[in-house]
């Protein structure tokens, strides 16, 4: 097979998307190709969309855009204090106020599209990112050509729950040094990674170090968690949505139970549901080809 041509990758750029928020973003491929916006999950920077996967998608005819959500990486930090006591109340279902909502984060995506001069795009999101792209399709349907929701859920509390063993790690108080962050990351990925596609300790540590260097915000992650915990149940509204859709979920996911993916697919009528044995709450390199092909297949339905 002949070698594929190299894919153009931009520098990390800045996009003002509202009066308060500026996003850090990066592109892969030809701007004349079909735009595909990739949305990451809780506390996860744009770099967690692996360059290899972004390149595969660009080779499949996409102009790929990955970015840091607000309160993450090199994007803007947003005000508002969230305590762990507030999070516990929200976990328990008690009424709480969040500094911002998933709808606000979906609005950031439309602002990014405006900055790029893109009328509509294919969108794919992981975990919280899946919640954001679902919300985007509901609130701004003309901006979405197709959507892919990966290891995510609908917001209904009876589906997509976290394994109880994760809560101490998710709510634990870590240190502020780079080594503290790396140790906490290693502990979390041992719990939620894909058992059938294990990552080497060296790769796990390297990703954690790169994440810290790119920019982390403990307070920002808490604010994102509040947006997740105060989200509405989207499933009734998803049923009325008529967009080509793909739902991907790992059957070994401890962060978001596979029931969340099944509920998402039920809501998105006509969607393709791809359940993967041995996949946890990550995107193993061994599955990049599978994901890239499935996203292309979904976009083609548009």
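In my numbering, the protein residues as written are 1456 to 1757.
The beta carbon of each residue, even a glycine, is placed where N, CA and C say it ideally should be.
From the DSSP output, in three-state form, read off residue 1759 for me.
One cannot answer for residue 1759 here, as it falls past the ends of the chain, which runs 1456 to 1757.
Just the C-alpha distance for residue 1569 and residue 1694, rounded to the nearest angstrom, thanks.
In this structure, the CA atom of residue 1569 is about 27 Å from the CA atom of residue 1694.
Are the beta-carbon atoms belonging to residue 1526 and residue 1654 less than 8 Å from one another?
No, they are not a contact pair.
Considering only the alpha carbon of each residue, which of 1721, 1705, 1486 lies closest to residue 1733?
It is 1705 whose Cα lies nearest to the Cα of residue 1733.
Cβ neighbours of residue 1472 in the same chain (closer than 6 Å, five flanking residues each side left out):
Once the five neighbours on either side are set aside, the close Cβ partners of residue 1472 are 1478, 1563, 1566, 1567.
In angstroms, rounded to a whole number, what distance separates the CA positions of residue 1555 and residue 1682?
Each residue's alpha carbon lies about 6 Å from the other.
To which residues does DSSP link residue 1582 through a beta bridge?
In DSSP, residue 1582 forms no bridge with anything.
Residue 1543 classed as buried or exposed, judged by whether at least 16 other C-beta atoms fall within 10 angstroms
It counts as exposed.
Start and end residues, beta strand (DSSP E) containing residue 1491:
First-last of the beta strand (DSSP E) with residue 1491: 1489-1494.
Looking at the strands, I want to know which residues DSSP matches up with residue 1705.
1731, per the DSSP bridge assignment.
Would DSSP call residue 1521 helix, strand or coil?
DSSP, reduced to helix, strand and coil, places residue 1521 within a strand of the structure shown.
Run through the segment 1543-1612 for me and flag every whole beta strand (DSSP E) of 3 or more residues, listed as ranges in chain order.
Counting only runs of 3 or more residues that sit fully inside the segment 1543-1612, the beta strand (DSSP E) segments are 1576-1581, 1599-1605, in chain order.
Could you pull out every residue in the same chain whose Cβ sits closer than 6 Å to the Cβ of residue 1713, ignoring the five residues on either side in sequence?
Scanning its chain for C-beta atoms nearer than 6 Å, with the 5 sequence neighbours on each side dropped, one finds around residue 1713 the residues 1704, 1706, in chain order.
Cβ neighbour criterion (16 or more within 10 Å) applied to residue 1513
The C-beta of residue 1513 has 16 or more other C-beta atoms within 10 Å across all chains shown, which makes the residue buried.
Using CA atoms only, rank isn't needed, just tell me which of 1669, 1709, 1711, 1715 is closest to residue 1689.
Cα-wise, what sits closest to residue 1689 is 1715.
Take the Cβ of residue 1757 as the centre, count every other Cβ of all protein chains shown within 10 Å, and call the residue buried at 16 or more, exposed below.
Counting Cβ neighbours within 10 Å, residue 1757 comes out exposed, since fewer than 16 surround it.
Closest to residue 1735 by C-alpha separation, out of 1672, 1701, 1643, would be which residue?
For residue 1735, the closest alpha carbon among the candidates 1672, 1701, 1643 is that of 1643.
When the distance is taken between beta carbons, is residue 1605 closer than 8 Å to residue 1581?
Yes; because the gap between Cβ atoms is below 8 Å, this pair is in contact.
I need the straight-line Cα distance from residue 1651 to residue 1754, nearest angstrom please.
Their backbone Cα atoms lie some 28 Å apart in a straight line.
How big is the Cα-Cα spacing for residue 1758 and residue 1613?
Residue 1758 lies beyond the residue range present for the chain, which begins at 1456 and ends at 1757; the question has no answer from this structure.
Roughly how many angstroms lie between the CA atoms of residue 1589 and residue 1576, to the nearest whole one?
C-alpha of residue 1589 to C-alpha of residue 1576: approximately 13 Å in a straight line.
Figure out for me which residue from 1509, 1540, 1495 has the closest Cα to the Cα of residue 1560.
Proximity to residue 1560 across 1509, 1540, 1495 peaks at 1495, based on C-alpha coordinates.
Cross-strand partners of residue 1483 (DSSP beta bridge)
The secondary-structure analysis by DSSP pairs residue 1483 across a beta bridge with 1464, 1519.
Using 8 Å as the threshold, is the segment 1528-1539 in touch with the segment 1547-1554, meaning 3 or more CB pairs across them?
With a cut-off of 8 Å on Cβ pairs, the segment 1528-1539 is in contact with the segment 1547-1554, counting three or more such pairs.
Does DSSP classify residue 1687 as helix, strand or coil?
DSSP places residue 1687 in coil when its eight states are reduced to three.
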